[in-house]
DNA sequence: CAAGCGTGGAG
DNA sequence: TCTCCAAGCTT
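Residue numbers (this note's numbering): 13 to 410.
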């Protein structure tokens, strides 16, 4: 270690500057107002791989719906998933619910204070355990997330791939050196806040940075190339057919939705029955198969549009069909239920499924419209973000 | 340990 | 439209 590096690594130097900066520049966020361990728990789960702006409305609603750890533990899982609808990564919701139950049972209705004990809760990994320990209980812990990792990587001029486990560990060790004995939680939030507001991935505002004198990347002129991130694998393209089966027995249209398995994509949420389209098979045949897979039969299917959804590792195009359920073939189980489009807020439903169901609800039926003997072009105004395009005409005509 | 797991905003 | 990626965890 050179003299200069030793000076940069000296404890308390970074913390003092960061805390002073944080006291002035911290954002007012709902989990920072009248903070509590429970608010920290919920916010940390929601913030996993999710931006603050996205979380805000979910956090407020969630705390109204489940005001305490005990209230959350008492609630049925389906209610927790419903409150999570649209937020993504749905195992987080189930794990949060389980973590509340376990805490109530094994920790006397409280959260454990220590990083190692927190780590054993479902859905609590290395980051969340350290974050809760520090933020909720002022324990001496350093949480490595995207922000804090970037800050430390620049401070210490670490040039290796920031996402590799070995580098994450090195960053954690390096960060722990800087944790002050007082205000450990504020320090942790200060590091992440700096990463979010100043030490950003692109075009960091080094002139505004309170710890610029300690930054190895800045000294070396490497803030643009540190941290280095390895390229991620390409998304796979998938085409599916999904089918909206209308119950002919009800005057108001309602449709069959199925519950996806916990361990698959969008696990625990409800969506239209679907099946993957393989080369050489017609979309309509696949749509019939999607119905058959859940024990239902359509008497006739019509294409009503296309929904595209980009996931982290998958690019899904869904061809949506609609038809009437064939008489005498109505089934029901804990994996299948019938919903009216206006009831969707009460069940767990992904953004993807919501798009398909909105398409179904907003597309007029052809059965009453036989005279124009052609397929309706779905050009009506839909929510822009829905990215719903017609299956038979050029896309993006809105 | 690599791969699977959502969504939306910014550029 | 496309890329990047955001307070990661699990298997």
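Beta carbons are placed, not taken as given, at the ideal position from N, Cα and C, and that holds for glycine. Given the structure is predicted, the values throughout are model-derived calculations rather than measurements.
Are there 16 or more other CB atoms within 10 angstroms of the CB of residue i, so buried, or fewer, so exposed?
| i | result |
| --- | --- |
| residue 272 | buried |
| residue 252 | buried |
| residue 246 | exposed |
| residue 189 | exposed |
| residue 366 | buried |
| residue 258 | buried |
| residue 220 | exposed |
| residue 32 | exposed |
| residue 185 | exposed |
| residue 193 | exposed |
| residue 154 | buried |
Which residue or residues does DSSP assign as beta-bridge partners of residue i?
| i | result |
| --- | --- |
| residue 251 | 329 |
| residue 287 | 253 |
| residue 337 | 310 |
| residue 258 | 267, 336 |
| residue 411 | For the chain, the structure presents residues 13 to 410; residue 411 sits outside this window and is missing. |
| residue 348 | 270, 345 |
| residue 173 | 240 |
When the Cα of residue i is compared with those of the options, which residue comes out closest?
| i | options | result |
| --- | --- | --- |
| residue 328 | 320, 97, 41 | 320 |
| residue 336 | 354, 324, 325, 299 | 299 |
| residue 108 | 134, 128, 218 | 134 |
| residue 173 | 260, 156, 242, 164 | 242 |
| residue 291 | 276, 77, 249, 311 | 249 |
| residue 255 | 280, 333, 209 | 333 |
| residue 346 | 282, 322, 130, 186 | 282 |
| residue 349 | 56, 314, 317, 285 | 285 |
| residue 34 | 236, 315, 197, 96 | 197 |
| residue 240 | 175, 100, 66 | 175 |
Does at least one heavy atom of the ligand FAD sit under 7 Å from the Cβ of residue i?
| i | result |
| --- | --- |
| residue 222 | Looking for the ligand FAD in the displayed structure turns up nothing, as the structure carries no ligands at all. |
#### Entry: Cβ contact (3+ pairs, closer than 8 Å) linking the stretch 121-129 and the stretch 137-154
Remark: three or more beta-carbon pairs, one from each stretch, lie closer than 8 Å, so the stretch 121-129 and the stretch 137-154 are flagged as touching.
Is the number of C-beta pairs between the stretch 253-272 and the stretch 295-315 that are closer than 8 Å three or more? Contact between the stretch 253-272 and the stretch 295-315 is present, because at least three Cβ pairs lie under 8 Å.
task = Tell me the start and end of each unbroken alpha helix (DSSP H) in the stretch 266-317 that is at least 4 residues and wholly inside, in chain order.
result = Complete alpha helix (DSSP H) runs here, min 4: 295-305.
Q) So does the stretch 86-97 actually touch the stretch 356-364, counting three or more Cβ pairs closer than 8 Å? A) With a cut-off of 8 Å, the stretch 356-364 and the stretch 86-97 count as touching, because enough Cβ pairs lie within range.
Practice item. Evaluate contact between the stretch 27-37 and the stretch 194-202, counting only Cβ atoms and requiring at least three cross-stretch pairs below 8 Å. Key: Contact holds: three or more Cβ-Cβ distances are below 8 Å.
How do the stretch 42-54 and the stretch 203-220 stand: do at least 3 beta-carbon pairs fall below 8 Å, yes or no? Because the criterion of three Cβ pairs below 8 Å is not met, the stretch 42-54 and the stretch 203-220 do not touch.
Q.
I'd like to know if the stretch 370-379 and the stretch 104-119 are in contact, where contact means that at least 3 CB-CB pairs between them fall below 8 Å.
A. They do not touch, by the three-pair rule.
Note to self: Does the stretch 95-107 come into contact with the stretch 61-68, if we say contact requires no fewer than three beta-carbon pairs (one atom in each stretch) closer than 8 Å?
What the structure shows: Taking one beta carbon from each stretch, the stretch 95-107 and the stretch 61-68 have 3 or more pairs nearer than 8 Å; the two touch.
| said: For the pair the stretch 218-232 and the stretch 152-161, tell me if three or more CB-CB distances fall below 8 Å. | reply: Result no; under three Cβ-Cβ pairs closer than 8 Å.
* Asked: Whole beta strand (DSSP E) runs in the stretch 37-117 with 3 or more residues, listed along the chain?
  -> As summarised for the stretch 37-117, there are no continuous beta strand (DSSP E) elements at least 3 residues long confined to that stretch.
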